[in-house]
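Trainee: Residue numbers (my numbering), protein chains in the order written: chain A, 1 to 114; chain B, 1 to 114. The following block contains the structure, expressed as structure tokens.
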DNA sequence: GGGCATGGTTACCGATTGGATACCTTGGGA
DNA sequence: TCCCAAGGTATCCAATCGGTAACCATGCCC
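So this is what it looks like as structure tokens:
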């Protein structure tokens, strides 16, 4: 499992500019993608999600937990978040959207400009 | 092309309860689905979207137009909205989510309850 | 030329979202 | 014992979202 790249999600990123959202809030989709490759710690998630505030990361994670997408495990001072089976099952549709966005990115930008 | 059923989207429907959204606003995903089978008029769209206000329907349509998903054609007193190629292309991922939601609906309700 | 249907627009308001910032708590390690 | 890192909370505020309700413009039809 590789480390997560800093600022995986650019300032102009699909989840903010593009017309769809996964999860109840703005960040949930990105959080899910960060958990694709295995469990991650809170502080580890803050690296790729460079612009998230601690408040929003906690809120996103709590929502995802409440909806059964993510499980939280605490081991002394270590907290790790991991996708549940339900969480993994939603990666399919989620990736379908990401692929779509990548493919149609230029068309979308063109449409927005005019 | 069949007429659209009144209140196609129940009060508790995936797009409001479930953790994803297609389109910039609450209604956009439902509007797209209403246009799946061909062009529709403004008043025709208000039938399946029983709880939408004229303001929000206009806003959703304008957003979808701006993003290039929908085109608007005016012919005297008739206004019709139709999916563009881009709009049709997003139906795939959109349906992937709807299918996912249908399949995992019970799990989601269970997770929310506890 | 009066009314009616269509396709909106406008004003107002409350609720929700999300950002910034400061603070807190617990458990090690030096 | 003091400090520091991890993993958060708390507070405040601005902007956006979405609902209600009233109103408007255009073009037909009688």
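We put the CB at the ideal spot given by N, CA and C, even for glycine. All figures in this text were calculated on a predicted structure; none of them were measured in a lab.
1. Quick check on residue 105 of chain A: buried or exposed, where buried means 16 or more other Cβ atoms within 10 Å of its Cβ?
2. Quick one: grab the DSSP three-state call for residue 85 of chain A.
3. Quick one: which unbroken alpha helix (DSSP H) runs of 4-plus residues sit fully inside the stretch 25 to 59 of chain B? Chain order, please.
4. Does the stretch 94 to 112 of chain B come close enough to the stretch 86 to 93 of chain A to have 3 or more Cβ pairs within less than 8 Å?
5. Buried or exposed for residue 30 of chain B, going by 16 or more other Cβ atoms inside 10 Å?
6. Assign residue 109 of chain A to buried or exposed, taking buried as 16 or more other Cβ atoms, counted over all protein chains shown, within 10 Å of its Cβ.
7. Give the residues of chain B in contact with residue 89 of chain A, contact being defined as C-beta atoms less than 9 Å apart.
8. Quick one: residues in its chain with C-beta nearer than 8 Å to the C-beta of residue 79 of chain B, no 5 flanking neighbours on either side, listed in chain order?
9. Buried or exposed for residue 121 of chain A, going by 16 or more other Cβ atoms inside 10 Å?
10. Please name the residue or residues paired with residue 22 of chain B in a DSSP beta bridge.
11. Which residues, in order along the stretch 16 to 41 of chain B, keep a beta-carbon less than 7 Å from a beta-carbon of chain A?
12. In chain B, which residues lie with their C-beta within 9 Å of the C-beta of residue 112 of chain A?
13. Use the C-beta contact count for residue 67 of chain B: other C-beta atoms within 10 angstroms, 16 or more gives buried, fewer gives exposed.
14. Below 8 Å between beta carbons: does that hold for residue 32 of chain B and residue 87 of chain B?
15. Need the endpoints of the alpha helix (DSSP H) that residue 112 of chain B sits in, please.
16. Counting only Cβ pairs nearer than 9 Å, list the residues of chain A close to residue 73 of chain B.
Mentor: In short, the structure shows the following:
1. Locating residue 105 of chain A in the first chain gives position 105, counting from the first residue. Its Cβ having fewer than 16 others within 10 Å, residue 105 of chain A is exposed.
2. Residue 85 of chain A sits at position 85 when you count from the first residue of the first chain. The three-state secondary structure of residue 85 of chain A, taken from DSSP, is helix.
3. 28 to 34, 42 to 45
4. yes
5. Within the second chain, residue 30 of chain B is the residue found at index 30, counting from 1. Answer is buried; the Cβ neighbour count reaches 16.
6. Translated into positions along the first chain, residue 109 of chain A becomes position 109. Exposed, because fewer than 16 other Cβ atoms sit within 10 Å of the Cβ of residue 109 of chain A.
7. Locating residue 89 of chain A in the first chain gives position 89, where the first residue counts as 1. Those within 9 Å of residue 89 of chain A in chain B are 100, 103, 104, 107.
8. In the second chain, the residue the question calls residue 79 of chain B occupies position 79. Once the five neighbours on either side are set aside, the close Cβ partners of residue 79 of chain B are 41, 42, 72, 73.
9. Outside the shown range of chain A, which is 1 to 114, sits residue 121 of chain A, and nothing can be said about it.
10. As a working note, residue 22 of chain B is residue 22 in the second chain. Answer is A:20, bridged to residue 22 of chain B.
11. The stretch 16 to 41 of chain B vs chain A, Cβ under 7 Å: 19, 20, 21, 22, 23, 24, 28.
12. By one-based count along the first chain, residue 112 of chain A stands at place 112. Simply 66, 67, 68.
13. Translated into the one-based positions of the second chain, residue 67 of chain B becomes position 67. Buried is the call here.
14. On the second chain, position 32 is the one that residue 32 of chain B refers to. On the second chain, position 87 is the one that residue 87 of chain B refers to. Result yes, Cβ atoms of residue 32 of chain B and residue 87 of chain B sit closer than 8 Å.
15. Looking up residue 112 of chain B in the second chain gives position 112. 91 to 113 is the extent of the alpha helix (DSSP H) around residue 112 of chain B.
16. Mapped onto the second chain, residue 73 of chain B falls at position 73. Near residue 73 of chain B there are no residues of chain A at all, since even the closest Cβ is about 17 Å away, more than 9 Å.
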